[in-house]
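Asker: Below is one structure. I have some questions about it.
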Amino acid sequence: MVAATQHLPVAEQLKAVLAPGSELFYSAEQHGHYLASCEGYERSGVWVVRLSGRCDDNGQPFYLQEIPAILALANQVHQSPQRFTLHPISTGNNWGYGSALAADPSAIILDLSLLTRIRVDDADLGLFTLEPGVTQQMLRDYLDQHRLPYMVPVTGAGPSCSVLANALERGYGITPYTDHFGAVNALKAFLPDGSRYQSAISQLDQSGQDLIDKTFKWKLGPYLDGLFTQSGIGVVTEVTVRLKKNPPAFDSFYLQFAADEDFESAVIIARELLQRLEGVVGSINIMDKRRVLSMMVANPNGAAAHQIMSAEQVEALGKKHDVPAWTVIGTLYGEPEVVKAGRVIVNRLSAGKLKRKIYSNGWLVRFGKLALSLLPGHLLQEPRKMLQSLDSGTAIMQGTPNQVALPLAFWRNATLNADPSRMMDPARDHCGLLWYAPLVHFQPASMRAFVEHVRAVAPKYGIEPMITFTSLRHDTVDSTIPIVFDRSKPELVRQATECLQTLVRQGLKQGFVPYRLNLQQQNELIDKAAVCWQAGNTVKQALDPYQILSPGRYSGITAKER
Ligand SMILES: Cc1cc2nc3c(=O)[nH]c(=O)nc-3n(C[C@H](O)[C@H](O)[C@H](O)COP(=O)(O)OP(=O)(O)OC[C@H]3O[C@@H](n4cnc5c(N)ncnc54)[C@H](O)[C@@H]3O)c2cc1C
240 MVAATQHLPV
250 AEQLKAVLAP
260 GSELFYSAEQ
270 HGHYLASCEG
280 YERSGVWVVR
290 LSGRCDDNGQ
300 PFYLQEIPAI
310 LALANQVHQS
320 PQRFTLHPIS
330 TGNNWGYGSA
340 LAADPSAIIL
350 DLSLLTRIRV
360 DDADLGLFTL
370 EPGVTQQMLR
380 DYLDQHRLPY
390 MVPVTGAGPS
400 CSVLANALER
410 GYGITPYTDH
420 FGAVNALKAF
430 LPDGSRYQSA
440 ISQLDQSGQD
450 LIDKTFKWKL
460 GPYLDGLFTQ
470 SGIGVVTEVT
480 VRLKKNPPAF
490 DSFYLQFAAD
500 EDFESAVIIA
510 RELLQRLEGV
520 VGSINIMDKR
530 RVLSMMVANP
540 NGAAAHQIMS
550 AEQVEALGKK
560 HDVPAWTVIG
570 TLYGEPEVVK
580 AGRVIVNRLS
590 AGKLKRKIYS
600 NGWLVRFGKL
610 ALSLLPGHLL
620 QEPRKMLQSL
630 DSGTAIMQGT
640 PNQVALPLAF
650 WRNATLNADP
660 SRMMDPARDH
670 CGLLWYAPLV
680 HFQPASMRAF
690 VEHVRAVAPK
700 YGIEPMITFT
710 SLRHDTVDST
720 IPIVFDRSKP
730 ELVRQATECL
740 QTLVRQGLKQ
750 GFVPYRLNLQ
760 QQNELIDKAA
770 VCWQAGNTVK
780 QALDPYQILS
790 PGRYSGITAK
800 ER
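Residue numbers for the sequence shown follow the working numbering, beginning at 240 and rising by one.
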């Protein structure tokens with residue numbers, strides 16, 4: 240593959256199609272937004288087109304002309320030495336999967352982060368249309384300012400991440416609409432030839448309002464909207480999302496299991512709750528002690544040490560911070576009577592199997608907060624910290640983004656500490672992180688086999704085995720294992736990459752299949768001869784014959800092979 244050079248033959252032609260405020264520039268800033276990569280990928284520089292998102296005098300966004308013009312130019316010069324490819328990003332915070340980088344190192348990044356309009360399609364139904372740059376925090380602020388009682392589909396990646404891009408990556412969170420693309424009812428995009436895609440429902444609608452499309456996900460005829468996710472076949476300029484209304488009542492439960500052997504019990508309780516209380520319980524998280532500690536405490540060995548915590552350290556820290564072997568976290572949403580009844584069922588299913596049960600609205604937490612508020616601030620620091628983490632976790636489950644999950648990315652960061660008082664950016668802040676994110680059969684035996692697999696492999700590479708499972712439904716659970724390493728040392732980047740490769744390779748034999756891949760994995764794991772990928776690539780080839788858009792993204796076809 241060709242690397243981007245500081246000379247861009249097509250620069251003047253590109254500038255000519257940009258509207259006022261949009262920019263073309265070369266970035267060689269290694270710790271800047273476009274090149275810094277949590278995954279340890281090395282790039283020397285990249286060209287960026289950043290669209291302004293501004294509108295003309297008629298209120299029409301300039302990008303409606305700019306994007307097709309840029310695509311037309313790319314098609315026009317595809318056979319000449321001026322050839323270029325484009326890679327759209329929304330906020331470029333795809334930490335652990337590729338950050339802001341394209342698979343093709345010479346691609347021009349099409350930065351859509353300044354496209355930040357939010358449209359209310361129907362305030363009663365909770366339908367909102369968002370442009371690519373709308374972050375979780377922007378949406379939260381907008382809803383609060385306009386007193387719209389809806390939850391933001393938050394993720395652990397936090398306030399600065401795009402809602403639209405997370406859905407295109409088929410990301411998920413733990414608010415009730417867990418599956419973020421699942422909550423996308425409609426989208427608009429430009430195809431690689433510059434034509435504007437709208438669904439068949441939108442195309443048939445003659446009312447001039449284009450509303451009905453935004454209420455019905457499955458459209459007419461072949462379902463095409465899904466082709467824009469985990470692919471490189473369009474520049475998506477808006478999505479219409481269905482937001483979950485704030486429930487009248489809410490209660491998070493934290494079920495603490497004392498011993499590692501209690502894991503099977505934890506799994507069965509979580510699954511039973513999801514099956515019996517479907518629609519009342521949102522998503523459920525099951526986390527081990529190391530994972531919870533990584534979000535609460537500093538690495539006891541020091542971030543520079545390439546060494547996992549000893550069993551004794553884990554034990555001692557667990558005791559000090561009251562973190563059990565396994566924690567099951569979930570939330571009850573609904574009418575007050577429903578939430579109350581849900582609590583009865585949580586109590587019944589977990590009776591006699593727990594070390595402790597905490598409800599965010601329970602007397603223990605309320606009493607604790609009251610007691611601490613009456614004491615001087617320097618007293619009882621540990622319980623204070625615990626209550627703060629609890630509050631942050633609860634806010635996430637209520638659809639308010641925060642940075643509570645980000646500290647884990649700093650576990651092996653020898654240059655910078657996690658600091659929630661500033662906006663953290665794991666790529667720019669030199670964190671080393673790769674995700675191992677497989678789907679696991681929601682059965683205790685499979686999940687135990689998965690835990691053993693991670694605990695056997697990760698330490699061999701000096702990687703802390705931190706385990707989380709997140710339920711997607713009662714029949715699907717995904718595990719996100721963060722492979723956290725010191726990115727400043729090439730040897731450790733290599734080891735972390737090998738660790739991930741081994742986890743995947745051995746995991747596939749047991750049926751643990753990733754739901755999402757980083758840039759390197761997209762190259763290594765995609766078997767271009769397989770019918771499924773051939774079919775995907777036939778669609779890509781038909782829509783983007785010159786491979787000008789995100790070549791290599793979930794296709795296995797690199798820019799060179801076009
Ligand atoms: C501690 C931590 C916790 C995390 N927790 C979660 C979590 O709970 N859930 C989760 O899903 N992820 C999580 N992540 C991973 C990741 O950071 C998020 O998924 C993040 O939202 C992705 O970045 P982004 O939204 O900026 O997307 P971007 O980087 O902007 O986009 C991702 C990709 O989507 C495509 N794309 C983006 N915009 C467009 C467009 N307009 N048109 C066409 N294609 C486009 C591009 O290929 C791009 O590379 C976590 C990361 C960290 C470090």
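Beta carbons: idealized from backbone N, C-alpha and C, even for Gly.
In this structure, does DSSP put residue 520 in helix, strand or coil?
Answerer: strand
Asker: Whose C-beta lies closer than 7 Å to the C-beta of residue 546 among residues of the same chain, with five residues either side of it excluded?
Answerer: 540 and 701
Asker: Taking 6 Å as the limit between beta carbons, can you name the residues of its chain near residue 382, skipping five residues before and five after?
Answerer: Counting only Cβ-Cβ distances below 6 Å, and skipping sequence neighbours, we find 389.
Asker: Would you say residue 405 touches ligand 1, meaning its beta carbon is less than 8 Å from a heavy atom?
Answerer: yes
Asker: Could you tell me which whole beta strand (DSSP E) segments of length 3 or greater appear in the region 302-328?
Answerer: Within the region 302-328, the complete beta strand (DSSP E) runs of at least 3 residues are 325-328.
Asker: What residue range does the alpha helix (DSSP H) around residue 380 cover?
Answerer: 375-384
Asker: Give a yes or no on contact between the region 464-475 and the region 429-449, applying the rule of three or more CB pairs nearer than 8 Å.
Answerer: yes
Asker: For residue 278, is the classification buried or exposed, using 16 other Cβ atoms within 10 angstroms of its Cβ as the cut-off for buried?
Answerer: Buried, because 16 or more other Cβ atoms sit within 10 Å of the Cβ of residue 278.
Asker: Between residue 334 and ligand 1, is there a pair consisting of the residue's CB and a ligand heavy atom that are separated by less than 8 Å?
Answerer: Checking the Cβ of residue 334 against ligand 1 gives yes.
Asker: Which residue's Cα is closest to the Cα of residue 567: 518, 351 and 499?
Answerer: 499
Asker: Would you kindly check if the distance between the Cβ of residue 491 and the Cβ of residue 415 is under 9 Å?
Answerer: no
Asker: Pull up the distance between the alpha-carbon of residue 758 and that of residue 438, whole angstroms please.
Answerer: Looking at the two C-alpha atoms, the distance is approximately 29 Å.
Asker: Could you tell me the distance, in whole angstroms, from the CA atom of residue 343 to the CA atom of residue 367?
Answerer: 33 Å
Asker: Per DSSP, which residues does residue 365 bridge with? Please list them.
Answerer: Answer by DSSP bridge pairing: none, since residue 365 is not bridged.
Asker: On the premise that residue 339 lies in contact with residue 348, defined as a C-beta separation below 8 Å, what is that separation, rounded to the nearest angstrom?
Answerer: 7 Å
Asker: Measure the C-alpha to C-alpha separation of residue 503 and residue 413 and round it to an integer number of angstroms.
Answerer: 21 Å
Asker: Where residue 264 and residue 313 are concerned, what is the direct C-alpha to C-alpha distance, given to the nearest angstrom?
Answerer: 17 Å
Asker: For the beta strand (DSSP E) that residue 488 lies in, which residues bound it at each end?
Answerer: 488-496
Asker: Where residue 479 and residue 493 are concerned, what is the direct C-alpha to C-alpha distance, given to the nearest angstrom?
Answerer: In a straight line, the C-alpha of residue 479 is about 33 Å away from that of residue 493.
Asker: Tell me which same chain residues have a C-beta within less than 7 Å of the C-beta of residue 449, skipping the five on either side of it?
Answerer: 441
Asker: Does the distance from the C-beta atom of residue 569 to that of residue 528 stay below 9 Å?
Answerer: no
Asker: Since I believe residue 329 is in contact with residue 371 (beta carbons under 8 Å), could you give me their beta-carbon distance rounded to a whole number of angstroms?
Answerer: 4 Å
Asker: Is residue 785 near ligand 1, going by C-beta to nearest heavy atom under 8 Å?
Answerer: no
Asker: For residue 650, which three-state DSSP category applies?
Answerer: coil
Asker: Output needed for residue 596: all residues of its chain with C-beta closer than 8 Å, excluding positions within five of it in sequence on either side, in chain order.
Answerer: Cβ within range, chain order: 492, 493, 494, 495, 585, 586 and 589.
Asker: What number of angstroms, rounded off, separates the C-alpha of residue 664 from the C-alpha of residue 332?
Answerer: For residue 664 and residue 332, the distance between alpha carbons rounds to 8 Å.
Asker: Between residue 260 and residue 301, is the Cβ-Cβ spacing less than 9 Å?
Answerer: yes
Asker: Suppose the cutoff is 6 Å on Cβ atoms and the five residues either side in sequence are ignored; what does the same chain contact list for residue 792 look like?
Answerer: 342 and 471
Asker: Within a Cβ cutoff of 7 Å, which residues of the same chain sit near residue 467, ignoring the five residues on either side of it in sequence?
Answerer: Answer for residue 467: 407, 426, 428, 473 and 475, listed in chain order.
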